[in-house]
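Asker: Submitted below is the structure of interest, expressed as C-alpha cells.
Protein chains: 2
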Amino acid sequence: MEPTHRTRVKRLHERGAYDLATIEAILDEALICHVGFVHEDQPYVIPTIHARLGDNLYLHGSPASRMLRSIRDQPICVTVTLLDGLVLARSHFHSSMNYRSVVALGTGREVTDPEEKMTAFEAVVEHVARGQWDTARRPTEKELKATSIIAMELSEASAKIRTGDPEDDEEDYELEVWAGVIPVTIGFGSPLDDSRLSPGIEPPTHATSYRR
Amino acid sequence: MEPTHRTRVKRLHERGAYDLATIEAILDEALICHVGFVHEDQPYVIPTIHARLGDNLYLHGSPASRMLRSIRDQPICVTVTLLDGLVLARSHFHSSMNYRSVVALGTGREVTDPEEKMTAFEAVVEHVARGQWDTARRPTEKELKATSIIAMELSEASAKIRTGDPEDDEEDYELEVWAGVIPVTIGFGSPLDDSRLSPGIEPPTHATSYRR
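Protein chains in written order, with this note's numbering: chain A, 19 to 230; chain B, 19 to 230.
Written out as C-alpha cells, the structure is:
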C-alpha cells in the first residue's frame with residue numbers, strides 16, 4: 019500500500035511498514051481496535067471489536083447513537099496495537115516498547131444491506147473465536163436490525179513496528195545497568211462455565227484450546 | 019467525578035462508572051493508552067505511554083510533529099482498555115467481552131517547565147516499570163529538551179466495565195450450546211538480556227518479577 023502524507027511514518031521512519039500483508043496480519047491478530055471519530059469538534063476514542071474481510075474493515079461493538087452518528091459518512095481512524103515487550107534501556111531516554119500497530123484512515127459507512135450485515139457479523143464472531151459461528155445461535159432478523167455495523171475501506175493505512183533490543187547511546191554501553199526486554203504476551207485461561215450452564219455441555223475445542 | 023453529557027455512558031448505562039478511584043485504577047493498570055486528536059478535520063488515534071500523577075495525565079511516546087501540533091491546546095481524548103475475557107453467549111447477539119475502559123476528555127497542554135517535565139518523565143518510567151527510575155541513567159538536559167510530554171487534566175472522564183457471565187435471552191438457556199467466559203490476561207516473560215549486555219550484570223528484581 020502506498021503511504022500517503024497522512025499515513026507515512028515520519029518519526030523513526032525505519033519503523034514504518036506499508037505492505038498489505040503486514041498490515042492485514044496485525045489487524046487480524048488484534049482482538050480489539052480503537053476507533054477515533056469527531057463529535058462537535060471533540061475527538062473520541064472508543065474500543066470496539068473489528069474484523070477484516072478483504073479490503074473492508076468491519077466495526078461492531080457498542081454503537082452508542084453518538085458514535086454511530088459521528089462515524090457514518092464521516093472521517094474515522096481505526097487503530098490496533100499489539101504490545102510485544104517492555105524495552106528497558108540503559109538510559110530512560112532510550113527506553114521504549116516493542117509493538118506492532120496499524121493506523122487506518124477512512125470514511126465510515128453504515129452497513130444496511132442484510133446480507134452484507136450477516137456476513138460482517140459472522141466475520142466479527144469468527145475474528146474473536148474461530149469456530150464459534152457454527153456453535154452458537156445465529157442472529158434473528160430483529161437482532162440483526164438492532165446491531166450496528168460500520169464498514170471502512172482499507173485503502174489508507176500504515177503499520178509501525180518495533181522489535182528487538184534497546185538501542186543505547188554508544189557511551190552508555192559501559193554503564194553498569196541491566197538492559198533488555200521483558201516479553202509481553204496475551205494469555206487465555208481455561209474457559210469458565212456460565213453459572214447457568216446446563217449439565218453435560220462441554221466447552222468447544224476452540225474455547226478449550228483458544229489461541230490467536 | 020460527575021458525568022457530563024459527553025462522558026455519561028448512554029448505551030448499557032449500568033456498565034458506566036464515574037467514581038474517581040475506579041477511573042484512576044484502570045488508568046494506572048493499563049500499560050498504554052490511545053490518544054485521539056484531530057488534524058485537518060481527520061481524527062487520528064495513536065498508541066502511546068501515559069502516567070497519572072494526581073489529577074494530571076501525562077502522555078509520552080512518539081510525538082511526531084503532527085501529533086504534538088494537533089494536541090497542544092487542542093481537544094483530545096485519552097482512552098485505555100483492559101481486556102479481561104471473551105464472553106461466549108448462547109447467541110451471537112449476546113456475545114461480548116469483559117473489559118474495563120476509561121475515556122477521558124480534555125485539552126492537551128505541552129509541558130515546558132523543566133521541573134514538571136522531569137517529574138512527568140519519572141512518572142512515565144515508573145508507570146511502565148516501578149523501580150526503573152533509580153536503575154537506569156536519568157535524562158540529560160538535552161534529552162529532556164528532545165522529549166515531548168503533554169499533560170491533560172483529568173476532569174471529564176468515565177469508566178465502562180463489563181464483568182461476569184453472558185446474559186442470554188431467557189429462552190436460549192435451553193439451547194444445547196456451551197456458554198461462558200475465556201479469561202484474558204496479560205503475561206510477562208523472563209527478561210531477555212540485551213545482546214550487548216556486559217557480563218555479570220543481572221536484571222533487577224522489578225524485571226525478573228515484573229507484574230502489574
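Glycine residues also receive a C-beta, built at the ideal position from the N, C-alpha and C atoms.
1. Threshold first: 3 residues or longer. Then list the beta strand (DSSP E) segments lying entirely within the region 94-164 of chain A, N to C.
2. Taking the CB atoms as reference points, tell me whether A:P221 and B:W151 lie closer together than 8 angstroms.
3. For B:L126, which residues in chain A fall below 9 angstroms Cβ to Cβ?
4. Counting pairs of Cβ atoms below 8 angstroms between the region 182-190 of chain B and the region 138-148 of chain A, do you hit three or more?
5. Pull up the distance between the alpha-carbon of B:K163 and that of A:L162, whole angstroms please.
6. Whole-angstrom Cβ separation of B:P249 and A:D59, contact assumed at under 8 angstroms?
7. Determine whether the Cβ of B:E20 lies closer than 8 angstroms to any Cβ atom of chain A.
8. Would A:R127 pass as a contact of B:H110 if the rule is Cβ separation under 8 angstroms?
9. Would you check if the distance between the CB atom of B:A177 and the CB atom of A:L106 is smaller than 8 angstroms?
10. Pull the bridge partners of B:A170 from the DSSP assignment, please.
11. Within 10 Å of its beta-carbon, does A:P217 have 16 or more other beta-carbons around it, so buried, or fewer, so exposed?
12. Touching or not, the region 46-54 of chain B and the region 94-105 of chain B, by the rule of three or more beta carbon pairs under 8 angstroms?
13. Counting along the chain, where does the alpha helix (DSSP H) carrying B:T40 start and finish?
14. Just the Cα atoms here: how many angstroms apart are B:T153 and B:H23?
15. What are the boundary residues of the beta strand (DSSP E) that B:T203 is part of?
16. Rounded to whole angstroms, how far is the Cβ of A:V172 from the Cβ of A:N74, which I believe are closer than 8 angstroms?
17. Rounded to the nearest angstrom, how far is the Cβ of B:G54 from that of A:V96, given a contact under 8 angstroms?
18. Roughly how far, in whole angstroms, is the beta-carbon of B:G198 from the beta-carbon of A:D37, given that I think they are within contact range, below 8 angstroms?
19. Determine the direct distance from the alpha carbon of B:L104 to that of B:Y117, and round the result to whole angstroms.
20. Report the CB separation of B:R33 from B:R230 in whole angstroms; it is logged as a contact under 8 angstroms.
21. Listed in chain order, which residues of the region 91-105 of chain B have Cβ atoms closer than 7 angstroms to some Cβ of chain A?
22. Among A:D183, A:Y191, A:T137 and A:E20, which residue has its Cα nearest to the Cα of A:H78?
23. First and last residue of the beta strand (DSSP E) that includes B:H57?
24. Please name the residue in A:T158, A:V121, A:G124 and A:L123 whose C-alpha comes closest to that of A:E133.
25. Are any of the Cβ atoms in chain D nearer than 8 angstroms to that of B:P209?
26. Grab the span of the alpha helix (DSSP H) containing B:H23 for me, first residue to last.
27. Would you tell me roughly how many angstroms separate the C-alpha atoms of A:G207 and B:G205, rounded to the nearest one?
28. Just to make sure I have the definition right: I need the residues of chain A whose C-beta is within less than 7 angstroms of the C-beta of B:S213. Which are they?
29. So, B:H68 versus B:H145, is the Cβ gap smaller than 8 angstroms?
30. Can you check which of these residues, B:E20, B:H57 and B:I168, is closest to B:D131 by C-alpha distance?
31. What residues from chain A crowd round B:G54, counting only those whose CB sits closer than 7 angstroms?
32. Using CA coordinates, which residue listed in B:S227, B:T226, B:I200 and B:Y228 is at the minimum distance from A:T226?
33. Quick one: grab the DSSP three-state call for B:D186.
34. Is the Cβ of A:T153 closer than 8 angstroms to any Cβ of chain B?
35. Opposite A:T223 in the DSSP bridges: which residues?
36. Would you report the Cα separation of B:P65 and B:I219, rounded to the nearest angstrom?
Answerer: If we stick to the structure as given:
1. Contiguous beta strand (DSSP E) elements confined to the region 94-164 of chain A occur at 114-125, taking only those with 3 or more residues.
2. For A:P221 and B:W151, no; Cβs fall outside 8 angstroms.
3. What sits at residue 126 of chain B in the sequence shown is Gly, not Leu. By Cβ distance, chain A contributes nothing, its closest Cβ being about 11 angstroms from B:G126, past 9 angstroms.
4. Counting Cβ pairs under 8 angstroms, fewer than three are found: no touch.
5. B:K163 and A:L162 have their C-alpha atoms roughly 53 angstroms apart.
6. For residue 249 of chain B there is no data in the structure shown, the boundaries of chain B being 19 and 230.
7. Chain A, which has no Cβ nearer than 8 angstroms to the Cβ of B:E20, makes this no.
8. Contact flag unset, no.
9. The answer is no: Cβ separation not under 8 angstroms.
10. One detail in the question is off: residue 170 of chain B reads as Met in this sequence, not Ala. Per DSSP, the beta-bridge partners of B:M170 are B:L75.
11. A:P217 sits exposed, since fewer than 16 C-beta atoms from the chains shown fall within 10 Å of its C-beta.
12. Yes, the region 46-54 of chain B is in contact with the region 94-105 of chain B.
13. Residue range L38 to E47 is occupied by the alpha helix (DSSP H) that includes B:T40.
14. It is roughly 44 angstroms from the alpha-carbon of B:T153 to the alpha-carbon of B:H23.
15. In the DSSP annotation of this structure, the continuous segment of the beta strand (DSSP E) that includes B:T203 starts and ends at G198 to F206.
16. Reading the sequence as shown, one finds Leu at residue 172 of chain A and not Val. 7 angstroms between Cβ atoms; contact.
17. Taking the Cβ atoms as the reference, B:G54 lies roughly 12 angstroms from A:V96, outside the contact range of under 8 angstroms.
18. In fact, because the Cβ distance is near 39 angstroms, the residues do not count as touching under 8 angstroms.
19. Rounded to whole angstroms, B:Y117 to B:L104 spans 9 angstroms at the Cα level.
20. With 8 angstroms as the limit, B:R33 and B:R230 do not qualify as a contact, their Cβ atoms being about 23 angstroms apart.
21. Residues P93, I94, C95, T97, T99, L101 and L104.
22. Answer by Cα proximity: A:T137.
23. Start and end: C51 to H57.
24. Cα-wise, what sits closest to A:E133 is A:T158.
25. In the structure shown, chain D does not exist; the protein chains are A and B.
26. Unbroken run through B:H23: none, as it is neither H nor E.
27. C-alpha separation (whole angstroms): 11 angstroms.
28. The contacting residues are D183.
29. Against a cut-off of 8 angstroms, the Cβ pair of B:H145 and B:H68 comes out as a contact.
30. Considering only alpha carbons, the answer is B:I168.
31. Proximity of chain A to B:G54 at the Cβ level (cut-off 7 angstroms) is accounted for by G54, P61, Y62 and V63, in chain order.
32. Checking every option, the nearest Cα to that of A:T226 belongs to B:I200.
33. The answer is coil: DSSP assigns B:D186 none of H, G, I, E or B.
34. Using a CB distance cut-off of 8 angstroms, A:T153 counts as an interface residue toward chain B.
35. Note: A:T223 sits in no beta bridge, so no partner.
36. Using only the alpha carbons, I get a separation of about 32 angstroms.
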